[in-house]
Amino acid sequence: MFSKNNHSLPPMKYFKGQEVKFDFNGETLQGIIEILDFGGWFEGDFHSYDVYVATTDTLYKHVHEADIYL
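So in the UniProt record's numbering, the last one in the sequence shown is 70, and the numbering has no gaps at all.
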C-alpha cells in the first residue's frame, strides 16, 4: 500500500547486496542490505532497509536511509 506522500520521494540510494554501516544503540554495525522498502514502513515519508549483520547473525529491520552510510 502506498501513502499519498511517497510519490515525490527520490530514488533509493542503496541497493540489495550492498555493504553498508549504520549506528545502533551507540555502536557502529556493518552489514549487507537484504530488503529494500521504498517509502518506508509507516507513513511513506522515507525509504528504509533491512540489513543483515553477520557478526551477530541478526537482520535489523526498517533501518532509515538517513541512518545508513558507506
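Glycine included, C-beta positions come from ideal geometry on N, C-alpha and C.
Fair warning: this is a prediction, and the values are worked out from it, not measured in the lab.
Under a Cβ-count criterion, where at least 16 other Cβ atoms within 10 Å of its own Cβ denotes burial, should residue i be classed as buried or exposed?
i, result
"Y49", "buried"
"G31", "buried"
"S3", "Low per-residue confidence applies at S3: pLDDT is 47, beneath 50, and the placement is therefore not dependable, though the value from the model is reported in the following sentence. By the 10 Å Cβ count, S3 comes out exposed."
From the DSSP output, read off the bridge partner residues of residue i.
i, result
"Q30", "K21"
"D67", "Its beta-bridge partners do not exist; DSSP assigns none."
Who are the near neighbours of residue i in its chain, counting only those whose CB is closer than 8 Å to its CB and skipping five residues on each side?
i, result
"E65", "M12, K13, Y14, F46, H47, S48, Y49"
"T28", "K21, F22"
"T56", "L29"
Out of the options, point me to the one whose CA is closest to residue i's CA.
i, options, result
"L9", "Q30, L59, F38", "F38"
"Y60", "I33, Y69, Q18", "I33"
What does a CB cutoff of less than 6 Å around residue i pick up in its chain, not counting 5 residues either side in sequence?
i, result
"M1", "Low confidence applies to M1: its pLDDT is 41, below 50, so where it sits in the model is not reliable enough to give any reading."
"V53", "L29, G31"
"E19", "I32"
Below 7 Å CB to CB, which residues in the same chain sit around residue i once its five sequence neighbours on both sides are set aside?
i, result
"T58", "none"
"L36", "M12, K16, Y49"
"D67", "F22, D23"
Please tell me whether residue i has its Cβ less than 9 Å away from any Cβ of chain D.
i, result
"F38", "Annotation note: the requested chain D is absent from the structure, which comprises a single protein chain."
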